[in-house]
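Worksheet: the structure to be examined is printed underneath.
Residue numbers (UniProt numbering): 1 to 259.
Spelled out as structure tokens, the structure:
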């Protein structure tokens, strides 16, 4: 073969065509694995894909999020946490998520997901309107998404602003992505708010979000949580030590070492 530019271009195109076909076949196989999942596992699996690639996901946190999203269905004589752990084990047995770090007692501390599976998750999650991941968009319009995850990285930080949102967002998670703090106040129906990676003081925001089930924030001042009747899990950055006595029995207070 004459090593001219045109010839090498043809080789490149042939290789791209070949690998593209292989990739498409892989995606088809992965989609089959997803389609054969029991219905109760599908949303849980797609949710995992919302976390950044190569990021180990704390299993305890994932379980609490699933429960707050009401993805976990009660089983006779079993706590929801136990059922959720069984969900994790089922996904591992199906090789859809991978074991990460383990605790000294042998229990799983973290899990992760393969890049190919994550791409499939993101595609399916968007199609089924389960989850929307914003990654690299400094300004984004979201009209009908109920669950939003903002993702950034160390190399390229973004200041996110949502415009023209109708405020129907139920889940708002930020992973190292900056945004306007007041934006959360527009989402009156929020049930899950995880913005612990952002160094803002959310003391004035939390009391207004009365539908919250799960909240992970930084709070500097003592705030009233009396209106948050549905609150199940609260994660704080040690900025506050006073929790209303009426809520102490019902809240799960995690130390940062558990996240």
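Ideal placement from N, C-alpha and C gives every residue a C-beta, glycine not left out.
{"Item": "Classification of residue 58 by the beta-carbon crowding that lies within 10 angstroms, buried from 16 upward", "Value": "buried"}
{"Item": "Any non-hydrogen atom of the ligand SAM closer than 7 Å to residue 47 Cβ", "Value": "Only the bare structure without any ligand can be found here, which leaves the ligand SAM out of the picture."}
{"Item": "N- and C-terminal bounds of the beta strand (DSSP E) containing residue 215", "Value": "214-216"}
{"Item": "Supposed contact pair residue 46 and residue 124 - C-beta distance, whole angstroms, cut 8 Å", "Value": "6 Å"}
{"Item": "Span separating the alpha-carbon of residue 202 from that of residue 195", "Value": "9 Å"}
{"Item": "N-terminal and C-terminal residue of the beta strand (DSSP E) that residue 127 is part of", "Value": "It is not in any beta strand (DSSP E) - residue 127 instead sits in the alpha helix (DSSP H) that spans 115-127."}
{"Item": "Inter-residue Cα distance where the pair is residue 56 and residue 103", "Value": "14 Å"}
{"Item": "Beta-ladder partner(s) of residue 194, from DSSP", "Value": "173 and 216"}
{"Item": "Residue 86 classed as buried or exposed, judged by whether at least 16 other C-beta atoms fall within 10 angstroms", "Value": "exposed"}
{"Item": "Test item: CB-CB of residue 232 and residue 68 under 8 Å", "Value": "yes"}
{"Item": "Residue burial classification, residue 171 (beta-carbon count within 10 angstroms, cutoff 16)", "Value": "buried"}
{"Item": "Pick from 44, 93, 91 and 54 that is closest to residue 73, judged by C-alpha positions", "Value": "44"}
{"Item": "Residue 36 classed as buried or exposed, judged by whether at least 16 other C-beta atoms fall within 10 angstroms", "Value": "exposed"}
{"Item": "Cβ neighbours of residue 192 in the same chain (closer than 6 Å, five flanking residues each side left out)", "Value": "68, 171 and 214"}
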